[in-house]
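Residue numbers (mature numbering (1 follows the signal peptide of the UniProt record, and there is no 0)): -27 to -1, 1 to 155.
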């Protein structure tokens, strides 16, 4: 399996954390709250469900944090792994001009993807993605703020074909903190 494939797979996987749903007052405030709620540590399995690599399983470990400078958005970093191959992943996503923009890795001009549009409704986000001649969408649904289900589809002729499914779970420290009696 080529490193380029892993890079694209990882880029698509990273997208899942970024496209979580919004929930609150004004649109700008909802966006900010959404990205803040996506901060934290996420991990989970995924599978390629169509195409040449159908049946390939992978896993991702990602950490999200708000973008610097007080802008609405998220900065994501971590790794995605297919078998023995591990690929660093990073992304920066922000709201610009009323829509989502951003890139995974070094964007579509390099080895990554561009986010070219987006819309969030309720607990579901739909992001438009692009790389060269590849156009598609990522649909991410938040499950009670503890898990994210993601489907990534590509446009083939006039149809959207699902190609990747992923479930990320929020990682929470299970160790109780308390005082120690001497």
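The C-beta atom is built at its ideal place from N, Cα and C for all residues, glycine as well. On a predicted model such as this, the values are computed, not experimentally measured, just so you know.
Answer with buried or exposed for residue 126, where buried requires no fewer than 16 other C-beta atoms within 10 angstroms of its C-beta.
buried
Please return the same chain residues whose Cβ sits closer than 8 angstroms to the Cβ of residue 36, not counting the five positions on each side in sequence.
13, 14, 15, 49, 50 and 51
Just tell me which of 108, 146, 142 and 120 has its CA closest to the CA of residue 136.
108
Between 132, 120 and 5, which has its C-alpha nearest residue 46's C-alpha?
5
Using the Cβ count rule (16 or more neighbours within 10 Å means buried), how would you classify residue 76?
buried
Checking 8 angstroms against the spacing of the C-beta atoms, do residue 101 and residue 91 come in under that value?
yes
Does DSSP put residue 146 in a helix, in a strand, or in coil?
coil
Taking the straight line between their C-alpha atoms, what separation do you get for residue 7 and residue 25?
35 angstroms
Assumed close pair residue 67, residue 99 - CB separation to whole angstroms, cut-off 8 angstroms
That belief does not hold up - the Cβ atoms of residue 67 and residue 99 are roughly 17 angstroms apart, past 8 angstroms.
I'd like the list of long-range same chain contacts for residue 128, defined as Cβ closer than 7 angstroms, with 5 residues on each side in sequence excluded.
108 and 109
Please classify residue 60: is it buried, with 16 or more other beta-carbons within 10 angstroms of its beta-carbon, or exposed?
buried
Measuring CB to CB, does residue 31 end up less than 8 angstroms from residue 19?
yes
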